[in-house]
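The structure appears below as structure tokens.
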Amino acid sequence: MTAVGTIELRRTYFVCPGCRDSGCPLDDRIGLTDSVSPEALQLIVLAGGSWSFDAARTNLTRFCGVEVSDELIRPRTLREGPKLAAFGASAPEAAVPFRTASGDIEFETDATKVNTVSGWRDAKIGIFVKRVPGPGATVAEWDTRTLPAPTARFAFAEVAESDAFASQWVPRAEHLGIDPQSRLSVLADGAEWIWNRTAEAFPNARGVLDIFHALEYVSHAARGYLVNAPEAVDEATARGRELLLGDGYTGVVDWVGELGLHPRGGDGASLGGMLNYLAGHQDRLTYALRLRRGQTIGSGLIEGAAKNLIGRRLKANNARWVPENVNRIAGVCCALYSGTWDAYWESN
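Residue 124 in this note's numbering sits at position 33 of the sequence shown, with consecutive numbering throughout.
Encoded structure:
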């Protein structure tokens with residue numbers, strides 16, 4: 092099997108009469124070591140990592156004129172996934188694009204649910220990013236500004252327990268030339284395991300609670316407190332958002348004070364719940380400062396990766412996966428996302 096279709100070869104095999112070892116000198120001369128050529132294998136793995144295996148078979152025929160069974164695509168893709176992951180994690184050439192890119196360093200992490208034969212499991216994802224700061228912005232411009240695209244990104248993912256997954260952060264960072272003691276930015280939602288592991292792996296990091304996650308608490312608090320005055324919810328939410336973005340936790344406390352001046356007979360517990368939650372993230376609410384510096388305040392990159400990097404492939408056809416195969420496919424998906432794909436095939 093080659094990138095242009097199937098080629099039938101006829102050649103002579105020689106057998107040693109003593110040891111019975113056999114071989115074909117012509118194979119060595121033309122570099123034929125497998126029934127699938129390197130170029131065809133690259134196409135097969137690309138298709139298998141991009142679509143369900145049956146769709147990969149159809150698309151290979153449509154796009155390349157290559158007819159290959161999905162039962163060949165499956166094992167070849169799954170076999171290559173761990174190799175791609177290992178290459179990205181250790182090969183010097185895999186780290187060159189990230190090391191040489193300019194920009195501030197960010198780290199984002201999250202998880203997405205994957206259906207496996209043992210039930211729904213968390214496929215955890217981590218992404219290191221370099222991004223040049225954009226123009227400074229005001230609080231009013233928080234959702235209209237345009238940030239520069241990342242100059243480099245490196246993703247890794249697998250089904251694993253939190254501690255096992257987090258144990259990879261420092262080795263991955265060092266491989267990419269990142270000092271774990273540096274002041275990189277870590278952006279994430281409020282999952283406790285993320286911030287506990289961040290404190291261990293990157294003790295000097297600037298933590299940022301994803302702004303959209305924080306605003307969900309503001310919105311929920313406004314709806315709960317103003318349950319008897321729904322017409323006032325939008326205005327109150329906008330005011331809470333403004334104060335959160337401008338002054339962080341202090342601003343939210345001021346907002347609650349403002350609401351308290353005009354009791355509406357609603358659920359005050361919703362305000363208390365919001366304050367208690369955000370109190371645990373006080374140092375991660377520096378949105379105004381980051382806006383002025385042209386830095387990101389949301390973890391949209393990881394949210395998009397959870398949906399497109401992993402979710403789109405692993406949730407195709409409502410598949411149920413063996414957990415080990417989730418990790419194998421993730422190796423392919425992360426190589427495509429991280430830009431280590433070409434370097435891997437060139438090295439082979």
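Beta carbons: idealized from backbone N, C-alpha and C, even for Gly. Here the structure is a predicted model, which means the values were calculated and not measured.
Next on the checklist: Taking the alpha-carbon of V299 as reference, which of N416, T149, L275, E349 has the nearest alpha-carbon?
Outcome noted: L275
Checklist entry - What do you reckon, are the CB atoms on L441 and S390 nearer than 9 Å? => result Nothing about residue 441 can be reported from this structure: the residues present for the chain run from 92 to 439 only.
Next on the checklist: Could you tell me the alpha carbon to alpha carbon distance between S193 and L151, rounded to whole angstroms?
Outcome noted: 37 Å
Item to check | Reference N439, options Y104, F154, K174, closest by Cα | outcome: K174
Checklist entry - Secondary structure at T103, three-state DSSP: helix, strand or coil? => result coil
Checklist entry - If you measure from the CB of G339, is any heavy atom of the ligand MG nearer than 8 Å? => result Looking for the ligand MG in the displayed structure turns up nothing, as the structure carries no ligands at all.
Checklist entry - Would DSSP call D125 helix, strand or coil? => result coil
Checklist entry - alpha helix (DSSP H) containing T191: first to last residue? => result 183-191
Item to check | Cβ contact (3+ pairs, closer than 8 Å) linking the stretch 393-410 and the stretch 335-352 | outcome: no
Item to check | Helix, strand or coil at W211 [DSSP, three-state] | outcome: strand
Item to check | C-alpha distance - E283 paired with A177, whole-angstrom precision | outcome: 29 Å
Checklist entry - When DSSP labels each residue in this structure, what does L238 get in the three-state scheme? => result coil
Checklist entry - Considering S310, what are the terminal residues of the alpha helix (DSSP H) in which it resides? => result 302-316
Checklist entry - Is R263 buried or exposed, if buried means 16 or more other CB atoms sit within 10 Å of its CB? => result buried
Item to check | Reference G227; option with closest CA among T103, L380, E252 | outcome: L380
Checklist entry - Leaving out five residues before and five after G114 in sequence, what residues of the same chain have Cβ atoms less than 8 Å from its Cβ? => result Y104, F105
Item to check | Own chain partners of Y340 with C-beta closer than 6 Å, once the 5 adjacent residues on each side are dropped | outcome: L369, Q373, L376
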